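Residue numbers (our numbering), protein chains in the order written: chain A, -9 to 174; chain B, 26 to 598.
Just so it is clear, CB atoms sit at the ideal spot from N, CA and C, and this is done for glycine as well.
Computed from a prediction, not measured in an experiment: that's the story for all the values here.
Notes follow the structure.
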Amino acid sequence: MELWFFIGAAVFISLVVVVMYNRLVIKRNRFQNAWAEIDVQLKRRHDLIPNLVNAVKGYMQHERGVIEDVIRARTQAIAAGNDVVSRATTENALTRSLRSFFAVSEAYPALKASENMLALQEELSSTENKVAFARQFYNDSVMEYNTARETFPTNLFANVFGFSKATLFFMEDTADKELPKADF
Amino acid sequence: MDIDPLNQKTSPHSRDHVCSPILGPVDRVSFFQEQHRRRRQTWRLSALSIFAILLMGLPLAVVLTPLVYLLILVFVKMVNLLIPVPHIIYQDLKNSAYLVTSTIELLFDPATRPLIPLVSLIKFATVMLLPGIIVMTLLWLGLRSLFMHAGVGGILLTLRAREPRSNNREEHQLVNVVEEMAIAAGIPAPRVMVIDSDTPNAAAIGSSPDDAAVIVSRKILDEFNRDETQGIIAHLIGSIGNGDLKMALSIIVIFQAFGVVFTIFDAVLNFSRTAWADLTKMLKWIFAGRNDPRAADGIAAMLTHNLGETRDDGLLALLKDDQPSSSNWIKRALKRMPLLQAVLLPFMLFNVVAMMLQLEIFLIRAFLVGPLVMLLWRSRRYLADAMSVQLTRNPDGLSHSLITLVEKGAVIPGGQWAEHLFIVGSEAERTRANASIQSELANLRQKIKGSSGMKRVTNILTTITKVREGNRNNLKAAEEGTWSGEIGGISSHPPLKKRLKRLQAMGAAMAEEKPQLKVKQILQNTFAILVLSPLILFIFWLILCAIGLGFGLAAGFSVFFAGLSMRLIYALL
Chain A
-9 MELWFFIGAA VFISLVVVVM YNRLVIKRNR FQNAWAEIDV QLKRRHDLIP
41 NLVNAVKGYM QHERGVIEDV IRARTQAIAA GNDVVSRATT ENALTRSLRS
91 FFAVSEAYPA LKASENMLAL QEELSSTENK VAFARQFYND SVMEYNTARE
141 TFPTNLFANV FGFSKATLFF MEDTADKELP KADF
Chain B
26 MDIDPLNQKT SPHSRDHVCS PILGPVDRVS FFQEQHRRRR QTWRLSALSI
76 FAILLMGLPL AVVLTPLVYL LILVFVKMVN LLIPVPHIIY QDLKNSAYLV
126 TSTIELLFDP ATRPLIPLVS LIKFATVMLL PGIIVMTLLW LGLRSLFMHA
176 GVGGILLTLR AREPRSNNRE EHQLVNVVEE MAIAAGIPAP RVMVIDSDTP
226 NAAAIGSSPD DAAVIVSRKI LDEFNRDETQ GIIAHLIGSI GNGDLKMALS
276 IIVIFQAFGV VFTIFDAVLN FSRTAWADLT KMLKWIFAGR NDPRAADGIA
326 AMLTHNLGET RDDGLLALLK DDQPSSSNWI KRALKRMPLL QAVLLPFMLF
376 NVVAMMLQLE IFLIRAFLVG PLVMLLWRSR RYLADAMSVQ LTRNPDGLSH
426 SLITLVEKGA VIPGGQWAEH LFIVGSEAER TRANASIQSE LANLRQKIKG
476 SSGMKRVTNI LTTITKVREG NRNNLKAAEE GTWSGEIGGI SSHPPLKKRL
526 KRLQAMGAAM AEEKPQLKVK QILQNTFAIL VLSPLILFIF WLILCAIGLG
576 FGLAAGFSVF FAGLSMRLIY ALL
């Protein structure tokens, strides 16, 4: 009688462990996939910028500085490779240069009205949104994975199976953290 | 974080609106807490729904069992003609049939009822219920996979949905919004379709996240700004990602499985020609017509309708002599050979049992299963609202769009069958009807300030009746053919006021309004509740008795029928 009890308990515990392991695997794959998705959107942004430069070349001939900033930031972002910190820095630099580019382009009404530029603006803003949402999804998945990994029954087995804590995507960007100077 | 250089539309935040915001303090919750709460609610309601559906289906399972037995017997005898079947199988069938008949005899005799051992009761229950349950489950699974593979073509055609034009700025922006939300949710981007309709509404259709489509009315693109559209799309994509499409399909298919069984009963054992026509239609669809996108929806509607239909060209209709459309060939055959009546008597008995079953299924569906399923669907709507807040991190988008949709949203004509998949359904129409009653009454109060007693009451009543009549046609058109009209008694969407309240709890900003409820009104409401509560309790008691009576009658009839048929089968073995 007792033998059946132990066998039953062993089967039950192994089932529970299998379920926990599968849950962790699913969540880990999800956040790793989300990381790759951020990559895809960043590359898409790189690809859109040459079109942007071509579209504005005729209109914004006096703003060479801003345009060249954008081109330079793009080259650096492409060259950054896979190191997370340098990727983050270069991508942030690109975002900043794009933002000042759009701010400057507000002063050119002919440019603003051109269909080409409007479509491109929509595409670029949509890409910025997609990068942001991809990061958001990555962070949400990482949070789910870490929570699943650290809650009670699962945390006993997580390290044994080799599931380590994942890091959230946050960017230590001193330039972004500086308060904008208000100069009236 | 959302850059929208083209955002030129203002939000309706400060306008006068039909649905007034909620007063009083609201406990702030995070969207994760709200999601957790709604998921637990879904589990509870699912368990209750499954229990109610079992209650609905058990008498039917009992009736199906002897029919399954008969089929097995016929099959075994036919196999016996080719290969001699070992005697054990016959012995097993005989034993189960004997068990059923003997237990029923013991049950019906009050002296022997307490003496039946528990083991044999369990065996009896298994033999009686299991074949029927297995048949119903297989039917459910089969229909589900059929409808899943049928795809969404039908309803897209009915609604005349089209692809978004790539040269139109708004529609291109819509495609971008859908892609953004799909990335935020981690699902593949669903197809986007646009309807050129005057009613603003949006739906998510399909049978799984890989096969889904999002339909948006052109009016939404014209009137809503990017944030609001994003809120709506995030709701739809959240609901796709949560598996709501599969859940809706599973629930609908349950009723269709019941419909199939009743259609077969009507065709084979009630000799109804219309039932045969329906069956041939269905078989044609299964084997030949799956390429026709509209056929699936037609079959689905027909099956759900057949669940409650009493045919007027079957055997039982002959009992009512005033039916000109009843089956003439049966009447003629009976006139020629009066002895045929004796042969047809067991069929008539069976059809009486089937009518009892239909009554029971109607009662339990109308009072138990319907409301539970609708409440279950409502909890998924709340969950999708919370998903929208998670995906956009902006509760204001969805709340602004809901405020506008209260005033203008309605079911898109032709889309009633999928009403539960839209973001607002017929409850918007109902809210507007109630609001118009309130405003009419407010106007009236000014006019009749002077008049006294009886005249005042009659004025109020006539105004209410006039407004109700005016709104009735709109409401009827909105609710006819919808899921909530066919299956549930209550609407499939939560009241918009409650949705706004949950969004406010998650952080949406609502305009403050001065309190409208005066102390006198509160006291009047409490008094009404105190006076009416015995009446309400009595009505609940009546409903419970009706359900119990229906279930008891159906169960009794089906057990009696099963016992009789098993005895026959035992004799045949």
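{"Asked": "I think Arg20 (chain A) touches Ser131 (chain A), with their Cβ atoms under 8 angstroms apart; what is that distance to the nearest whole Å?", "Found": "5 angstroms"}
{"Asked": "For Arg406 (chain B), which of helix, strand or coil comes out of DSSP?", "Found": "helix"}
{"Asked": "Along chain B, which residues have their Cβ under 7 angstroms away from the Cβ of Ser116 (chain A)?", "Found": "Asn201 and Glu205"}
{"Asked": "Any chance the region 415 to 432 of chain B sits against the region 247 to 261 of chain B, with 3 or more Cβ pairs inside 8 angstroms?", "Found": "yes"}
{"Asked": "What span of residues does the alpha helix (DSSP H) with Ala124 (chain A) cover, start to end?", "Found": "Glu105 to Glu140"}
{"Asked": "The beta strand (DSSP E) spanning Gly238 (chain B) covers which residue range?", "Found": "Looking at the sequence provided, one finds Ala at residue 238 (chain B) rather than Gly. Here the beta strand (DSSP E) through Ala238 (chain B) covers Ala238 to Ser242."}
{"Asked": "Rounded to the nearest angstrom, how far is the Cβ of Phe576 (chain B) from that of Met381 (chain B), given a contact under 8 angstroms?", "Found": "Actually they are not in contact, since the Cβ atoms of Phe576 (chain B) and Met381 (chain B) sit about 10 angstroms apart, beyond 8 angstroms."}
{"Asked": "State whether the region 222 to 242 of chain B contacts the region 400 to 407 of chain B, with contact taken as three or more CB pairs (one from each stretch) at a distance under 8 angstroms.", "Found": "no"}
{"Asked": "Using a 10 Å radius around the Cβ and a threshold of 16 neighbouring Cβ atoms, would you call Lys120 (chain A) buried or exposed?", "Found": "buried"}
{"Asked": "Can you look up Ala460 (chain B) in the DSSP assignment and give me helix, strand or coil?", "Found": "helix"}
{"Asked": "Using a Cβ cut-off of 9 angstroms, pull out every chain B residue sitting near Gln22 (chain A), in sequence order please.", "Found": "Going along chain B, no residue has its Cβ under 9 angstroms from Gln22 (chain A), so there is no contact; the nearest lies around 12 angstroms."}
{"Asked": "Tell me which same chain residues have a C-beta within less than 6 angstroms of the C-beta of Tyr94 (chain B), skipping the five on either side of it?", "Found": "Ile594"}
{"Asked": "Just how far apart, CA to CA, sit Val15 (chain A) and Ala579 (chain B)?", "Found": "49 angstroms"}
{"Asked": "Might you give, ordered along the chain, the residues of its own chain that have their beta carbon closer than 7 angstroms to the beta carbon of Thr299 (chain B), omitting 5 neighbours on each side?", "Found": "Arg336 and Asp338"}
{"Asked": "If you scan the region 279 to 318 of chain B from start to end, which runs of the beta strand (DSSP E) of 3 or more residues do you find wholly inside it?", "Found": "none"}
{"Asked": "Decide if Phe160 (chain A) is buried, meaning its Cβ has at least 16 other Cβ atoms within 10 Å, or exposed.", "Found": "exposed"}
{"Asked": "Considering just the uninterrupted stretch of the beta strand (DSSP E) at Ile389 (chain B), what are its terminal residues?", "Found": "Taken as a continuous stretch (DSSP letters only), Ile389 (chain B) belongs to no beta strand (DSSP E), being part of the alpha helix (DSSP H) at Leu365 to Ile389."}
{"Asked": "As an exercise, report each continuous alpha helix (DSSP H) stretch of at least 4 residues that is fully enclosed by the region 422 to 500 of chain B, in chain order.", "Found": "452 to 472"}
{"Asked": "Which runs of the beta strand (DSSP E) at least 3 residues long sit entirely within the region 6 to 93 of chain A? Give them in chain order.", "Found": "none"}
{"Asked": "Using CA coordinates, which residue listed in B:Ile512, B:Lys522 and B:Phe283 is at the minimum distance from Trp442 (chain B)?", "Found": "B:Ile512"}
{"Asked": "So, are the CB atoms of Phe296 (chain B) and Leu340 (chain B) less than 8 angstroms apart?", "Found": "yes"}
{"Asked": "Let me check understanding here. Comparing Cα to Cα, which of B:Ala453, B:Leu124, B:Gln116 and B:Thr417 lies closest to Ala517 (chain B)?", "Found": "The sequence as given places Ser at residue 517 (chain B); Ala does not occur at that position. That would be B:Ala453, whose Cα lies nearest to the Cα of Ser517 (chain B)."}
{"Asked": "Taking the alpha-carbon positions, what's the Leu31 (chain B) to Gln66 (chain B) distance?", "Found": "For Leu31 (chain B), the predicted model reports a pLDDT of 44, less than 50, meaning its position is unreliable; a value from the coordinates is still stated below. Roughly 40 angstroms between the two C-alpha positions."}
{"Asked": "At which residues does the alpha helix (DSSP H) containing Arg62 (chain B) begin and terminate?", "Found": "Phe56 to Leu107"}
{"Asked": "Look up Ala156 (chain A) in the DSSP assignment and say whether it is helix, strand or coil.", "Found": "coil"}
{"Asked": "On the three-state DSSP scale, how would you describe Met218 (chain B)?", "Found": "strand"}
{"Asked": "Based on the DSSP output, what are the partners of Arg187 (chain B) in its beta bridges?", "Found": "B:Val219"}
{"Asked": "Taking the beta carbon of Phe(-4) (chain A) as the centre, do at least 16 other beta carbons fall within 10 Å, making it buried, or is it exposed?", "Found": "exposed"}
{"Asked": "Quick check: the region 238 to 246 of chain B against the region 115 to 132 of chain B, are there 3 or more CB pairs under 8 angstroms?", "Found": "no"}
{"Asked": "By DSSP, does Ser351 (chain B) sit in helix, in strand, or in coil?", "Found": "Here Ser351 (chain B) scores only 49 on pLDDT, less than 50, and its place in the model is too uncertain to base an answer on."}
{"Asked": "Cβ closer than 9 angstroms: which chain B residues qualify as neighbours of Lys120 (chain A)?", "Found": "Asn201, Glu204, Glu205, Ile208 and Ala209"}
{"Asked": "Candidates A:Glu113, A:Ala70, A:Thr141 and A:Val150: which alpha carbon is nearest Leu88 (chain A)'s?", "Found": "A:Glu113"}
{"Asked": "Going by DSSP, name the residue or residues bridged to Ile257 (chain B).", "Found": "According to DSSP, Ile257 (chain B) bridges with nothing at all."}
{"Asked": "What does the alpha-carbon distance come out to for the pair Leu469 (chain B) and Ile485 (chain B)?", "Found": "7 angstroms"}
{"Asked": "For Gln463 (chain B), decide whether its Cβ has a neighbour in chain A, counting only Cβ atoms nearer than 8 angstroms.", "Found": "no"}
{"Asked": "Whose C-alpha, out of B:Val88, B:Ser55 and B:Gly573, is nearest the C-alpha of Phe375 (chain B)?", "Found": "B:Val88"}
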